[in-house]
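Asks: The numbering of the sequence shown is my numbering, which starts it at 520 and goes up by one.
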Amino acid sequence: MISPRLIVGLGNPGTDYEFTRHNVGFMVIDSLLKRLPGESEPVHKAESFIWTRRFAGKPIYLQKPLTYMNESGKAIAKLCRTETIAPHEVLVIVDDVHLNMGEIRLRTKGSSGGHNGLESIIDELDSNQFNRMRIGVNAANEDELIEHVLGQFSEEEMAQVKRLLPIAEEAVLSAIRFGIEQSMNRFNAQHLTNKDESNEIDESNENAESNENGEID
Numbered sequence: 520m521i522s523p524r525l526i527v528g529l530g531n532p533g534t535d536y537e538f539t540r541h542n543v544g545f546m547v548i549d550s551l552l553k554r555l556p557g558e559s560e561p562v563h564k565a566e567s568f569i570w571t572r573r574f575a576g577k578p579i580y581l582q583k584p585l586t587y588m589n590e591s592g593k594a595i596a597k598l599c600r601t602e603t604i605a606p607h608e609v610l611v612i613v614d615d616v617h618l619n620m621g622e623i624r625l626r627t628k629g630s631s632g633g634h635n636g637l638e639s640i641i642d643e644l645d646s647n648q649f650n651r652m653r654i655g656v657n658a659a660n661e662d663e664l665i666e667h668v669l670g671q672f673s674e675e676e677m678a679q680v681k682r683l684l685p686i687a688e689e690a691v692l693s694a695i696r697f698g699i700e701q702s703m704n705r706f707n708a709q710h711l712t713n714k715d716e717s718n719e720i721d722e723s724n725e726n727a728e729s730n731e732n733g734e735i736d
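1) In the structure shown, what three-state DSSP assignment does V616 receive?
2) Would you mind reading off the limits of the beta strand (DSSP E) that contains R540?
3) Report yes if the CB atom of M546 is closer than 8 Å to the CB atom of V680, and no otherwise.
4) Quick one: what's got a C-beta closer than 6 Å to R696's C-beta in the same chain, skipping five residues either side?
5) What did DSSP end up calling M772 once you bin it into helix, strand or coil?
6) I'd like to check one pair, V543 with L610: are the Cβ atoms closer than 8 Å?
7) Just to confirm before moving on: does the CB-CB distance between I623 and L581 stay below 8 Å?
8) Take N531 as the anchor and find which of S559, H563, L585 has the nearest alpha-carbon.
9) Starting from the Cα of I612, find the closest Cα among D535, S550, Q701, E675 and give me that residue.
10) By a C-beta neighbour count over all protein chains shown, 10 Å radius and 16 as the cutoff for buried, is D535 buried or exposed?
11) Output the distance between the C-alpha atoms of A658 and P523, rounded to the nearest integer angstrom.
12) Is it true that the segment 593 to 606 meets the segment 557 to 567, where meeting means three or more beta-carbon pairs spaced less than 8 Å apart?
13) Tell me the rounded alpha-carbon separation between E700 and I604.
14) Using a Cβ-Cβ cutoff of less than 6 Å, which residues in the same chain neighbour P561 once the five nearest sequence positions on both sides are dropped?
15) Leaving out five residues on either side along the sequence, give the residues of the same chain with a beta carbon under 6 Å from the beta carbon of I607.
16) Identify every residue that forms a DSSP beta bridge with V562.
17) For the beta strand (DSSP E) that contains I579, what are its first and last residues?
18) For a test of the three-state rule: what should DSSP assign to I623, helix, strand or coil?
19) My assumption, with CB atoms under 8 Å, is that G557 sits in contact with R540. Please give the rounded CB distance.
20) Classify L529: buried if its beta carbon has 16 or more other beta carbons within 10 angstroms, exposed otherwise.
21) Could you give the distance in angstroms between the alpha-carbon of D645 and the alpha-carbon of S559?
22) Return yes when the C-beta of H541 is under 7 Å from any heavy atom of the ligand PLP, and no when it is not.
23) Only counting the same chain, and skipping five residues up and downstream in sequence, which positions put a Cβ closer than 8 Å to that of N707?
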């Protein structure tokens with residue numbers, strides 16, 4: 520079973536980029552941090568903000584690279600080397616202009632699909648065998664692509680984002696507990712804004728499994 524130990528949200532640091540389409544990966548990490556108990560302040564290492572948590576009895580890392588999108592791979596590779604994390608133990612959360620708002624796709628491997636952040640990760644890990652969760656941010660013409668992904672969500676889109684974030688959380692937690700492949704079967708056919716209660720993860724015992732600070736034992 521492929522179960523990720525490192526959950527990476529891609530994005531750009533700084534308040535100017537906070538609610539841009541390119542930063543939807545950061546938004547999912549923020550949402551997970553509110554849900555999983557532990558220290559709110561990150562550790563600053565590997566050119567990233569890092570948090571440690573436990574879920575389903577497993578220690579996990581949550582990472583926000585601070586290298587800016589196009590060099591995300593440098594930060595991820597540094598943490599993987601330091602903590603001995605293999606590519607197949609990484610789950611990268613990334614925006615995708617080829618998917619509609621409210622859609623996700625979980626994959627165990629693949630190409631960059633033209634996404635510079637994914638391309639950097641493939642180059643730095645020297646592998647495309649890492650898991651990814653692609654979150655749709657709607658399409659854009661090629662000549663408007665940069666402006667689109669660096670532009671802020673519209674009011675209507677932001678309302679959709681708020682509805683999809685809890686479902687993205689469920690998909691990540693499902694991947695940790697049940698593995699990527701089983702979670703692909705559960706979530707890839709679903710539109711995130713049409714929440715399926717059967718996909719909710721039972722957390723009744725999770726808080727008991729976390730230590731006081733949510734840190735790795």
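Cβ atoms here follow ideal geometry from the backbone N, Cα and C, with glycine treated the same way.
A quick note: this is a predicted structure, and the numbers were derived from the prediction, not measured.
Replies: On the basis of the coordinates in this document:
1) Of the three classes helix, strand and coil, the one that applies to V616 here is coil, per DSSP.
2) Where R540 is concerned, there is no enclosing beta strand (DSSP E), given that its DSSP letter is neither H nor E.
3) A distance below 8 Å separates the beta carbons of M546 and V680.
4) So the list reads A575, once near-sequence residues are dropped.
5) Given that the chain is displayed from residue 520 to residue 736, the structure contains no residue 772 and the question cannot be resolved.
6) In this structure, V543 does not lie closer than 8 Å to L610 by Cβ.
7) Result no, Cβ atoms of I623 and L581 do not sit closer than 8 Å.
8) Nearest in C-alpha terms to N531, of all of S559, H563, L585, is L585.
9) The candidate whose alpha carbon is nearest that of I612 is S550.
10) With a 10 Å radius around the Cβ and a threshold of 16 neighbouring Cβ atoms, D535 comes out exposed.
11) Going by the C-alpha atoms only, they are around 29 Å apart.
12) Taking 8 Å as the limit for Cβ pairs, the verdict is that the segment 557 to 567 does touch the segment 593 to 606.
13) C-alpha of E700 to C-alpha of I604: approximately 19 Å in a straight line.
14) If we look at P561 and ignore the five residues flanking it on each side, its Cβ neighbours are F568, I569, W570.
15) The question names Ile, but residue 607 in the sequence shown is His. Taken in chain order, the residues that qualify are I521, Q648.
16) I569.
17) For I579, the enclosing beta strand (DSSP E) begins and ends at 577 to 584.
18) Reduced to three states, the DSSP call for I623 is strand.
19) Contact flag wrong, Cβ pair sits at about 28 Å.
20) L529 is buried by the Cβ-count criterion.
21) Going from the Cα of D645 to the Cα of S559 covers about 32 Å.
22) Ligands displayed in this structure: none; no statement on the ligand PLP is therefore possible.
23) Within the same chain, Cβ atoms closer than 8 Å to the Cβ of N707 are found at I623, R624, L625, the five residues on either side in sequence being excluded.
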